[in-house]
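Everything below concerns the one structure shown next.
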Amino acid sequence: MNDKRNKLTAIVLLLVCSTISYGRIKLVALPERAATMIRLDNPRATLIEEERVLTLQKGLNKVDFSWKGVSIDADSIRLRALDHSDKVTLLSVSYPPNEAALVWDISSDSDYAETVRISYLLSNIDRLITYKAIADKAETYVDLKSYLVLRNFSGEDFDKARVLLDYGEAFEQGIDHEETKQMLFLKAPKVPITKIWKFDAAKLPWDPEKLENKNVGIPVSYRIVNEANSNLGKFALWGGKARLFQDDGHESTIFLGEDMTGLVPVGEKMELYIGDSRDIVVTQRKMQDTRVVTRKNNRGDIVLYDTNEQITAKIENFKDSPTMLTMIQHIPGQWDMESCNMKYEKKDANTLEFEIQLPARSEAGPAVKELKMTYHRRHLRPGKEPQLPVRR
Amino acid sequence: MKRIAIVLLIIVAMTNISRAKVDLVTLPSRDTVQLTIYNSADMTLVRESRALTLKDGANKLQFSWANTLIDPTSLEMLPKANADKIDIADLTYPPRVRNLGLWNIDSSVSGKVPVEITYLTSGLAWRAFYMGTLTEDEKTMRLKGYVVVTNNSGEDYENAQTRLIVGKVHILDQIAELARRQYPYGRPGEAIMPPTPTARMEESRSRGIVMMEKVAAMPSRAKEVKKEGLSEYFLYTIEGTETIPNGWSKRLLSFNIDQVPVINLYKYEAERYGPSVVRFLSFKNDQEHKLGETPIPGGMLKVYRGVGDQGHLSYTGQSSFKYIPVDEDVELNLGPVANLVVEPKLMDFKTENYRFDRRNNVSGWDEIRTFKIEVRNTRDINVKVEIKRNFNTQYWDIDNSGDFGAFEKVNLNTVKFTLSLQPRSIKKFEYVLRTYHGVREENWRP
Chain H
4 MNDKRNKLTA IVLLLVCSTI SYGRIKLVAL PERAATMIRL DNPRATLIEE ERVLTLQKGL
64 NKVDFSWKGV SIDADSIRLR ALDHSDKVTL LSVSYPPNEA ALVWDISSDS DYAETVRISY
124 LLSNIDRLIT YKAIADKAET YVDLKSYLVL RNFSGEDFDK ARVLLDYGEA FEQGIDHEET
184 KQMLFLKAPK VPITKIWKFD AAKLPWDPEK LENKNVGIPV SYRIVNEANS NLGKFALWGG
244 KARLFQDDGH ESTIFLGEDM TGLVPVGEKM ELYIGDSRDI VVTQRKMQDT RVVTRKNNRG
304 DIVLYDTNEQ ITAKIENFKD SPTMLTMIQH IPGQWDMESC NMKYEKKDAN TLEFEIQLPA
364 RSEAGPAVKE LKMTYHRRHL RPGKEPQLPV RR
Chain C
22 MKRIAIVLLI IVAMTNISRA KVDLVTLPSR DTVQLTIYNS ADMTLVRESR ALTLKDGANK
82 LQFSWANTLI DPTSLEMLPK ANADKIDIAD LTYPPRVRNL GLWNIDSSVS GKVPVEITYL
142 TSGLAWRAFY MGTLTEDEKT MRLKGYVVVT NNSGEDYENA QTRLIVGKVH ILDQIAELAR
202 RQYPYGRPGE AIMPPTPTAR MEESRSRGIV MMEKVAAMPS RAKEVKKEGL SEYFLYTIEG
262 TETIPNGWSK RLLSFNIDQV PVINLYKYEA ERYGPSVVRF LSFKNDQEHK LGETPIPGGM
322 LKVYRGVGDQ GHLSYTGQSS FKYIPVDEDV ELNLGPVANL VVEPKLMDFK TENYRFDRRN
382 NVSGWDEIRT FKIEVRNTRD INVKVEIKRN FNTQYWDIDN SGDFGAFEKV NLNTVKFTLS
442 LQPRSIKKFE YVLRTYHGVR EENWRP
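Chains H and C, in that order, are what the protein sequence lines are.
Heads up: the first sequence begins at 4 in the numbering used here, then just goes up one per residue.
Heads up: the second sequence begins at 22 in the numbering used here, then just goes up one per residue.
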C-alpha cells in the first residue's frame, strides 16, 4: 500500500479538543479503507462508496475528511453509520477555509468501533462502452460483443474495488491512476440484422453527372433491435463506438466500418452506418418549377402564388443482388401531390419516405426504376417562401 | 524494422498478483500475417497468428508497438484452440507507459496455444492505377489495371498475405490520430468531437505519403489478383504473399484486357467547360467491353496511342476517374481539344408580346433567339458529340431544325443534343428558343 498513491481521504479523528479555530489539530487514527465500490450506473458521474471503521468515543467526535490530488464534489459527500445508525448521529458538517476537507461532528452514545460508509462523487473516473460485431457473409446476423472500458484518471489508485454497472452483478476489479482497462462484458451471438440503404434528397447530391469524378455513395446501415428475439433485450445498450466486421468466407474478416450509437433502450432500434454503396446510383432532377399566380396587389406585384413542380429520380441498381432502397424526399411548406408513380409514407408534414424494391442487375444491365412526382406548393408569398430545415 | 513485440510474462508467485515476480518466458514470433488494406481511409486491418506458450493459471502477455501507427483500441486476441479453456480476462493499458498493452489471460491448459491478434493500423495504403493504349484507329484500347501498395506504417511486414478493399468505409476517427493518443481511450472529460458531416464525406486522400515505387523482381508469371464482392465492398486478394518493407511501395498487375471497344466522345457545354470541346473516352464496364466481372476502382488512367508498326507510342492524355460499378458507363475526361469544334452562333434576336402594368411600365415580354450550331470533326475517326445548352429560366420553348441528332431535356433549364459525325465532316443545326419574362411567364405552358 505504501508505494501506491493514496491521495484521497486522510481520515482523521479529532478528539474533542479545546478550540478548533486556532490551527486545526489533526489527530491520528487513520482508519483503513475497507470495502470500496465504484458505481458506474450514471454515465455523467461516478459514485465511490467506501467503508471505514471509525473509533468513536462517547460524546462528540470530530472526524476530518480531506483529500488532495483528486477532485471530489464536496457537496456530494455523505456519511452513514452502518452498525449503530440509531445511536450514532451526524450533527453537522463544517468546511475549513482553503482546504479540500470537511469535518463531521458525530455524536455517539457510547464507545464504538463503528463501520461507516462514505459516499462521494469522484471526477475523472468513468467507463466507456465499445461494440464489436462480426456479420456473417450473407449479412443476416452479427455476433455482437460489447466491451467495458474503465478509465481511471482520478488521481487515486483502487487496489481492489467492486465495480457496479446499472445492471448485472458487481465484479471485483482493481484499477490504478492513469490506467485503462478493457473487459468483455456482453456476448450476444446471432443477433439478426436488417441492412438499409438510404437516399436522403436533402443530404446527398442530386445529379452525379455534375460532380467531376466523384461517386455519390448511398449510406448503408445495419439495424439491430434490442429485444429478446435478437438475443438481447435484457437491458438498455449503452451508447458507444461500434466497429463492424464481416466474415469473408476465408476464415478471416474484413472491417466494414464503424459508427457511434446512442443509448438503445429495450425494444428500441440501433442503427449503425457502416459505409457507402457505390453500386446504387440515384440521379435526381427537377424537371419543372413554375409559378402559378393567384393574386396580385394594386401595383400589379405578385402577392400570392402556387407552384407546379416535378421531380424525377432515376435509381439504378448495379448490384447483383436485390435491394430495398429507402428514399427520403422533402417538400417545404403547404403542398399537395398531383401525381406520384410510387407509393410513399408521409413521415411528417414535409417528409416523404419511399421504400423502393430494386431487383438485381441482369444481363441487360442495371435494374432501373424511376420516381416521378408532380406536386404543387400552395399559397406562397414572394420573399417568404418556407425553407427546409436541411438545405442542400 | 520489427517494432511490434510480444512478451509473454508468466506469473510465478501467484499469491500477490499486484507485486508478482514475473518471468519473461517466450517471445513468440509472427507465424503468418494478413493485411487488409483500405483506400477510402488510411487504415489497414492486420491479422497475425502467433503461438503462445501458456501455463496453467494466470498469464500476462505484453504487446508493445512503439514507433508504429497502431490503434490500441482495436487490439484483440482470440485463441484459435482450446477457446473454452482460455479466458482473456482483460486488456490493460498500464499507467505511465505508452504503446503497451497487457493481456491478463486465465488458462486451464498449459503448452502451446495458437492465437490470432488483430488490430487496425495506419500508414499502409493502396491505390489503383491504369494504363490504356489505344489502337491507331482509336476504336479499341488495351487496358491494364495496376494496384500500388505502399507501406509507411513503421513496421516491416514480411510474407504477408495482402488484400485490398475497394469501397467507402464509414469511420469516425482517423486511425493515425488514435495511434498518436497518449491514452488509448483518452481521459474522462475530454470532449469527444462528433464527426462532422464534411469529414465523413471527405476521402482522406491527402495523406502525403511519399511514394517510392520500386520495380519488384518479377517472377516468370505475374501474380493473379482474385476479386470478390463482400457487403458493399470488393475484396482483392493478391496471390501468395508479399514482403513490403517499411517505406517501400509495390506495383502489381490487377488485370490486362486487350481490345476494349471505346467511343470517342466529345462534349461541349460553355458554362462548364468554356469555349473548347472536351474529349472523353467512353466505354462500359460490361461483358461486351470484355470487362464487367467486377467494379473498377477509381484511379488515374494514362492513355497512349499506338503509332506506326514499330510499336511506338504517342501520349494522349490522362484522366482520373471514379469507381465504376459493373454495367455502368465510363467517361474519361482527357481534356480540351482543338481538332473538334462546336460553334454556336446567335443568328437572330427579337422581342415581342409586351405587357404593361397600370402605370404603363413594361411588365412582361418574350425573347426569341435563333442559334445556329456548327460541329466540325477535323479528325479522321468517327466521333460522338454531346452539346448541352443551359437557359437561365425554366420558362422556355424550343424549336429544333436541321441535323440536330438526338434531343433530350435534361432538367428544367438544360437540353442536350447528341450527334454522330463521320471522319472529317461537318454538321449544322438550328434552334429557336423563346423565353418568357415577367408576367408573360404566366402564359407559358409545359
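Glycine included, every Cβ here is placed at the ideal spot set by N, Cα and C.
For C:Glu314, the closest Cβ of chain H is not nearer than 7 angstroms.
Following the DSSP letters along the chain, one finds C:Arg201 in no beta strand (DSSP E) but inside the alpha helix (DSSP H) bounded by residues Ile196 to Arg201. Between C:Ile109 and H:Ser157, the alpha-carbon positions lie close to 26 angstroms from each other. Near chain C, meaning a CB-to-CB distance below 7 angstroms, the residues of the stretch 301-326 of chain H are Gly303 and Phe321. Runs of the beta strand (DSSP E) lying entirely within the stretch 369-456 of chain C, each at least 3 residues long, are 383-398, 404-411, 417-423, 427-432 and 435-442 in chain order. By the Cβ neighbour-count rule, C:His333 is exposed, with fewer than 16 other Cβ atoms within 10 Å of its own. Neighbourhood of C:Arg379 in chain H, by CB distance below 7 angstroms: Gly303, in chain order. In the pairwise beta carbon analysis, the stretch 64-82 of chain C is classified as touching the stretch 127-136 of chain C: at least three pairs are separated by under 8 angstroms. The beta carbon of H:Arg380 sits closer than 6 angstroms to those of Thr310, Gly336 and Trp338, all from its chain and outside the five residues before and after it, given in chain order. With contacts defined as CB atoms closer than 7 angstroms, H:Ile41 and H:Ala164 qualify as a contacting pair. Counting the other CB atoms within 10 Å of its CB gives C:Ile447 a total below 16, which places it among the exposed residues. Less than 7 angstroms divides the Cβ of C:Ala200 from the Cβ of C:Ile91. Under the Cβ criterion (8 angstroms, minimum of three pairs), the stretch 246-264 of chain H does not count as touching the stretch 155-171 of chain C.
Cβ neighbours of C:Thr399 within its own chain (closer than 6 angstroms, five residues either side excluded): Asn360.
Under the Cβ distance rule, C:Tyr375 does not count among the residues neighbouring chain H, no pair being separated by less than 7 angstroms. Under the Cβ criterion of 7 angstroms, H:Asn234 is not counted among the residues facing chain C. With respect to chain H, the C-beta atom of C:Pro116 has a partner C-beta closer than 7 angstroms.
Excluding the 5 residues flanking it on each side, H:Pro192 has same chain C-beta neighbours closer than 7 angstroms at Asp146 and Asn234, in chain order. When only Cα atoms are considered, H:Asn155 and H:Val91 end up about 34 angstroms apart. The alpha-carbon of H:Ala367 is positioned some 25 angstroms away from that of H:Phe202. Against chain H, the CB of C:Arg461 has no partner CB under 7 angstroms away; the residue lies outside that interface.
Between H:Tyr308 and H:Thr297, the C-beta gap is smaller than 7 angstroms, which places the two residues in contact. In the structure shown, the three-state DSSP call for C:Gln308 is helix.
Of H:Glu348, H:Gly303, H:Ile318 and H:Met345, the smallest CA-CA separation from C:Arg380 is found for H:Gly303. Just measuring C-alpha positions, the residue of H:Val106, H:Lys71, H:Glu53 and H:Trp70 sitting nearest H:Leu63 is H:Val106. Looking at the DSSP output, H:Ala191 bridges to H:Leu147. Not one beta carbon of chain H lies nearer than 7 angstroms to the beta carbon of C:Leu274.
In the three-state DSSP reduction, H:Arg298 falls in the strand class (E or B).
Taking a Cβ-Cβ cut-off of 8 angstroms, the neighbours of C:His191 in chain H comprise Pro222, Gly260, Glu261, Asp262, Tyr276, Ile277, Gly278 and Asp279, given in sequence order. Counting along the chain, the unbroken alpha helix (DSSP H) around C:Arg293 starts and ends at Ala291 to Tyr294.
Residue-level contact check: C:Gln331 does not touch chain H, since none of the beta carbons of chain H fall below 7 angstroms from its beta carbon.
When 7 angstroms is used as the limit between beta carbons, C:Asp348 is near these residues of chain H: Phe321, Arg364, Gly368 and Pro369, in chain order. Contact check for C:Arg410 against C:Val436 passes: the beta carbons are separated by less than 7 angstroms. Contact check for H:Asp162 and H:His180: beta-carbon distance about 11 angstroms, past the 8 angstroms limit, so the pair fails to qualify. No residue range can be given for H:Trp209, since it is assigned to no beta strand (DSSP E) and is classified by DSSP as neither H nor E. Look at the stretch 327-392 of chain H and you find no whole run of alpha helix (DSSP H) that is 4 residues long or longer.
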